[in-house]
Each structure stands twice: as C-alpha cells, then as structure tokens.
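Numbering (mature numbering (1 follows the signal peptide of the UniProt record, and there is no 0)), first residue to last: -25 to -1, 1 to 143.
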C-alpha cells in the first residue's frame, strides 16, 4: 500500500511533465504537414489507371489533387521543361510552381517541398518503374531513382529507391 501511495503522485507528476511536450510535438508536426502537403494540379490521360493509382497514393498522404485531362499532354511537359528522355505518364505542378513528373513517392515530394534545393525545378521518376506508387503489380519491385530537375534542364539523383520500404 505504501508503494502505491508513492507511485501514484510520481505517475501524475510524470504525466504533467510529459503532456506539454506532447502538445508541442503535435504542434510542430501540424506545422510540418501544413508546410509540405499542398494542392497538386495533375495532368494525365483519362484512361491511365496507373496515374489514378498515383493520385490515390498522394491523396492518402494528405495531398489535395485536381485532375486535368489535356488534349495534348506533351504540350504540358514541353512547357514545364521536362526532358523527353525523362518523361512519364503524368505531370503534377504544385501551387508554388514545382514540377513533379511520374510515379514519385509522396515522401520525396514532401521532403522536397519542405526544403526545395537551390536551382531545383522539381522531381522526376522517368518511365514507369514496377512497384512505384501506382505501378504496383503482383508484389514485384524494380529499383529506381528519383531525379531532381534543375532550372537549367539538367538532372541529378535526388534519392535512390532500392526496395519498397524506401517509398514509405
């Protein structure tokens, strides 16, 4: 009984000390979510199922998407400065004007938007790698790179995705 009487005040004091820290941590995380989750204008073909899968992936991660089905998708890609050898099936543009081409995992878009590299125009996952968001097929996975598109049109590796867990 004496141990219980000593333990209860200790627990109450511990909770009082820990609770304010939890509130501060939650406020910091809420600020991060507001900062990194944005509305994306997505340009895709109306018949593309993998693009729809990618949009669902982005929505599940807190991004708002507005879908557009342009008559000429290549015109959007040309105007966005996406190199022809690095194109994929859909193009997304953030409210701040950054370009996101292809099946980029949400976590890399969030990281990019939270701290855009100098002279970066956006991110690209060229082609359509099996196992990337929207390209899931029978548990198969092909490693791929997320490329940074620079304002001068060059590309460099932003992240390497070597296994499915790297996308989470």
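Glycine is no exception: its CB is placed at the ideal position from the N, C-alpha and C atoms.
Please read these numbers as outputs of a predicted model, since none were measured by experiment.
The beta carbon of residue 18 lies closer than 7 Å to those of 43, 45, 48, 51, 65 and 66 in the same chain, with the five residues before and after it left out. Taking the Cα of residue 97 as reference, the smallest distance to any Cα among 103, 29 and 129 is reached at 129. In the DSSP assignment, residue 135 forms a beta bridge with 120. Counting other Cβ atoms within 10 Å of its Cβ, residue 21 stays below 16 and is therefore classed as exposed.
Of the other Cβ atoms in all chains shown, fewer than 16 fall within 10 Å of the Cβ of residue 37; this residue is therefore exposed. DSSP, read as helix, strand or coil, puts residue 84 in helix. Assignment of residue 125 by DSSP, reduced to helix, strand and coil, places it in the strand class.
In this structure, DSSP gives residue 54 a helical state, which the three-state scheme calls helix.
In this structure, DSSP gives residue 97 an extended state, which the three-state scheme calls strand.
In the structure shown, residue 76 adopts extended strand secondary structure according to DSSP, grouped into three states. Between residue 57 and the set 16, 101, 136 and 14, the nearest pair of CA atoms involves 101.
Judged by DSSP in its simplified three-state form, residue 22 adopts coil rather than helix or strand.
Under the three-state reduction of DSSP output, residue 43 falls in the strand class. By the beta-carbon neighbour count (other beta carbons within 10 angstroms, threshold 16), residue 35 is exposed.
In the structure shown, the three-state DSSP call for residue 111 is coil.
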